[in-house]
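Under the UniProt record's numbering, the first residue of the sequence shown carries the number 1, and numbering increases by one thereafter. Where a beta carbon is used, it is the ideal one built from N, C-alpha and C, also for glycine. It should be emphasised that the depicted structure is a prediction, and the values quoted were computed from it without experimental measurement. Encoded as structure tokens, the structure appears first; notes follow it.
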Amino acid sequence: MEALISILIGVLTACGVYLVLRARTFPVVMGLTLLSYGVNLFLFATGRLTIGQPAVISAQAPGYADPLPQALVLTAIVISFAMTAFVIMLSLKARAELGNDHVDGHADEEEHS
């Protein structure tokens with residue numbers, strides 16, 4: 001199971017980096033989203049999640065689940081949602097002002113020919 005999660009984190013990160021390096025804005029937004037998914041999964045994996053254990057330590061419980069990774073991932077989800085909304089609005093504004101959706105604002109050479 002650990003190998004599967006490690007491979008999934010690697011694939012999400014690799015696809016996210018590939019999409020961030022694209023010249024258009026929509027793949028960049030998708031790449032940032034995939035990177036945030038990879039980071040969230042990494043935080044979950046490093047938290048040693050346990051099933052069926054209480055989140056708060058009590059005298060009767062034989063063990064407990066660490067609530068810190070869950071809180072970190074919940075915070076990261078909220079921040080990544082806000083970041084995605086901001087980047088989408090920024091790219092829509094850039095498209096409206098520049099007339100294309102290239103990251104650098106310049107159109108391809110083939111479009112001018």
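heavy atom of the ligand ADP below 8 Å from residue 52 C-beta | Absence of the ligand ADP is noted for the structure shown, with no ligands found whatsoever.
Contact check, residue 101 vs residue 91, beta carbons under 9 Å = yes
Other residues of its chain near residue 40: CB distance less than 8 Å, five sequence neighbours each side excluded | 73, 76, 77 and 80
Does the Cβ of residue 37 have 16 or more other Cβ atoms within 10 Å, making it buried, or fewer, making it exposed?
-> buried
Kindly indicate which three-state DSSP category residue 24 falls into: helix, strand or coil?
-> strand
Going by alpha carbons, who is nearest to residue 14 out of 43, 46, 83 and 33?
-> 33
Over the uninterrupted alpha helix (DSSP H) stretch that includes residue 55, give me the two end residues.
-> Element bounds for residue 55: n/a, residue is neither H nor E.
CA-to-CA distance, residue 48 to residue 82, given in whole angstroms | 27 Å
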